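Below is one structure, written out as structure tokens; the observations come after it.
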Amino acid sequence: MSLVARFRLDYPGFCLDVDLDLPSRGVSALFGHSGSGKTTLLRCIAGLVHAPGGRLAFDGEAWQDAGHFLPPHRRPLGYVFQEAGLFPHLSARANIDYGRRRAAAPLEPAALDHVIELLGIGALLDRRPDQLSGGERQRVAIARALAVRPRLLLMDEPLAALDHARKQEILPYLDRLRAELDIPILYVSHAPDEVARLADHIVVLEGGRALAQGPLADTLARVDLPIRLGDDTGAVIEASLAERDENWHLARVEFPGGSLWLPDPGLPPDQRVRVRILARDVGISLTRQAGTSVLNQLPGTITAIADDGDPALTLVQADLGGAAVVARVARRAVAALGLEPGRAVWLEIKAASALG
Amino acid sequence: MSDSDLQALVTTLTLSGVTTLVLLVLGTPLAWWLARTRQRWSVAVEAVVALPLVLPPTVLGFYMLVALGPLGPIGGTLESFGLHHLAFSFTGLVVASTLYSLPFMVQPLKDAFGAVGTRVLDAAATLRAGPWDRFFSVVLPLARRGFLTAITLTFAHTVGEFGVVLMVGGNIPGETRVLSIAIYDHAEAMDYASAHVLAGGLLATSFALLLAVYAFNRLYPAAHP
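Going line by line, the protein sequences match chains P and B.
The opening position of the first sequence corresponds to residue 1 in our numbering, with each subsequent residue numbered one higher.
The opening position of the second sequence corresponds to residue 357 in our numbering, with each subsequent residue numbered one higher.
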């Protein structure tokens, strides 16, 4: 059960050369800066770009190999474009029905109603695309892609064309889709926060090549990747809500290896949450500090140290006993404290946030 | 209007109608190819398509006459198969008009196809629509202004042609004698009254046709992708 893709495409000044094996469950993010080839890769997977000599198989079905190329309209996928790409001459409802009428086994009416409700577009169905806001158009486009009941959903930076407020408006819907839909999603993005929030698996692309791929938490916590996220460098930990302190609006989340206090996300007890800890919010000390404002001090072991973009800084990866975090510390501090892999330290986590 | 003028009117409308239909069938794929292709030599095709805009109709008509006549490559080939050559025939006139009005069909369609954009076509492809389905369900409705303009301009332009008809068709009543030739004949014969009827009629009809098209396009603007 997987998506196996091997593509090589030469354009003047750009070469895509990837060999991927992606899980066919959950959200896989194709992550990279613009120009890294992630959209081209997605279009190759959809069949919108024909990369001669490429190979692509989904769940053991060959979509492309030597001498065989399944055209895009025969592939059981759904595609959400960066700019919605709604048909301007059709109402939102007719847009959603366009693929449904043509699909061999489309979504049942009840299931479609559920998707429409999930995306909050019930009241917009009679409007034309030019009467919808950017965020509304994108939600209709998502419903349209889901209405054909795809076995694989491809999303090409569905939030990139939207401003911050519109993004925040759509993200909860994507969260719900991720939780409720049982289809694999390939999600192209250059935004670390989207990836940290939505992805389960990540492929890091740079210059047309896959630098790294693996489960999200492991890959984000790697400090040896040449891709630089600057202030967005950080780790993600899967945790569950254990208790709340209503006096101080805090909640404690537990994960294998420890627990953390963070601002109360207002979620029900035992709810799974994804916690993001940015490298700049993590400090390191040799002993547990007394009289500090830092909420969380956790014992851990240094596993790796690597250069950061700035010559004064390094990235230190530490294991908390099951979960990894990354700390950004001054090179001088590394030398002064004698930090090295294997050393036991205390990690001071100044801030952590629950995603979703 | 005399019987012969009426006959010329019928010939003119038939010629324009047939030419428009032929061009709709041939010009649509050509315009589609021009709008989509990335091949460099397509600019040469584009230039050839635009030639009738700048060439004197008599030049085009002259070459068509040579080509379609009994000794020309087309007419000669037909003769060798025991068929009749096409000079001074209605069919020859259709062939010549098709070439002559080609840019009036192709250019508006090419612009309209270009404006449809690739994103909606990609979207349709990922929504299970095959190539023909995409054309009829997405391109046609989005390019309908272009079609309306192309059809009207082609028809009106064919109604108004003179030089090409004179060279290729001659002046055979009921076969190749069209309105513009009839007007010329009336003027030659100093029958200005009859010439006025036909010329005024053509002027008014052409104006009304174009007015209707532009008003329609103003009232129902194309939805923008």
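Beta carbons: idealized from backbone N, C-alpha and C, even for Gly.
Keep in mind that this is a model prediction, so the values were computed, not measured.
Asked	Found
Contacts that arginine 484 (chain B) makes with chain P (C-beta to C-beta distance below 7 Å)	His73, Gly99, Arg102, Ala103 and Val148
CB contact flag (valine 236 (chain P), leucine 250 (chain P), <8 Å)	no
For aspartate 231 (chain P), the three-state DSSP class (helix, strand or coil)	helix
Chain P contact residues for alanine 481 (chain B), given Cβ-Cβ distances below 9 Å	Ala46, Gly47, Leu48, Pro71, Pro72, His73 and Tyr79
CB of threonine 376 (chain B) within 8 Å of CB of glycine 519 (chain B), strictly	no
Start-end ranges of the alpha helix (DSSP H) lying completely within the segment 183-261 of chain P, minimum 4 residues	192-198 and 216-220
Beta-carbon spacing of leucine 371 (chain B), threonine 514 (chain B) below 8 Å	yes
Rounded straight-line distance, which links the Cα of alanine 66 (chain P) to that of glycine 257 (chain P)	48 Å
Contacts of glutamate 83 (chain P) in chain B (Cβ-Cβ under 8 Å)	Arg475
Close Cβ partners of glutamine 361 (chain P) (< 6 Å) along its chain, the five nearest in sequence each way excluded	The displayed coordinates of chain P run from 1 to 356. Any statement about residue 361 (chain P) would go beyond what the structure contains.
CB contact flag (isoleucine 202 (chain P), alanine 29 (chain P), <8 Å)	yes
Where valine 49 (chain P) falls: helix, strand or coil (DSSP)	coil
6 Å Cβ shell around leucine 295 (chain P) - same chain, five flanking residues per side excluded	Trp261
Closer than 7 Å at the beta carbon, the chain P residues around valine 494 (chain B)	Phe87
Neighbour list for arginine 144 (chain P) in chain B, Cβ cutoff strictly below 9 Å	Ala479 and Leu483
First and last residue of the uninterrupted beta strand (DSSP E) at tryptophan 63 (chain P)	61-65
Length of the line joining the Cα atoms of isoleucine 539 (chain B) and isoleucine 528 (chain B)	14 Å
Nearest to serine 240 (chain P) (by Cα), restricted to the options P:Gly230, P:Pro265 and P:Leu220	P:Pro265
Straight-line gap, isoleucine 537 (chain B) to alanine 468 (chain B) (C-alpha atoms, nearest Å)	34 Å
Threonine 532 (chain B) in three-state terms, based on DSSP	coil
Residues that DSSP places opposite glycine 13 (chain P) in a beta bridge	According to DSSP, glycine 13 (chain P) bridges with nothing at all.
Cβ-based neighbour list, leucine 477 (chain B), same chain, cut-off 8 Å, excluding 5 preceding and 5 following	Arg490, Val494 and Val495
Buried or exposed by the 16-neighbour rule on C-beta atoms within 10 Å, applied to tyrosine 79 (chain P)	buried
Top-ranked residue by Cα proximity to tyrosine 576 (chain B), from B:Leu390, B:Arg392 and B:Arg500	B:Arg500
Aspartate 126 (chain P) to leucine 132 (chain P) span [Cα, whole Å]	10 Å
Spatial distance of leucine 567 (chain B) from threonine 482 (chain B) (CA atoms)	40 Å
Arginine 328 (chain P) beta carbon less than 8 Å from that of leucine 337 (chain P)	no
Runs of alpha helix (DSSP H) wholly within the segment 127-177 of chain P (minimum 4 residues, chain order)	134-147
Valine 80 (chain P) - partner residues in DSSP beta bridges	P:Met155
Any 3 or more C-beta pairs closer than 8 Å across the segment 542-562 of chain B and the segment 381-401 of chain B	no
Beta-carbon spacing of valine 504 (chain B), histidine 89 (chain P) below 8 Å	A small correction: the amino acid at residue 504 (chain B) is leucine; valine does not occupy that position in the sequence shown. No, these two residues do not count as a Cβ contact at 8 Å.
Enclosing alpha helix (DSSP H) for tryptophan 397 (chain B) [first to last residue]	First-last for tryptophan 397 (chain B): undefined, no H or E at that position.
C-alpha distance - aspartate 163 (chain P) paired with aspartate 113 (chain P), whole-angstrom precision	28 Å
Nearest-angstrom Cα separation, counted from arginine 55 (chain P) out to arginine 8 (chain P)	9 Å
Sub-8 Å separation of alanine 143 (chain P) and isoleucine 116 (chain P) beta-carbons	yes
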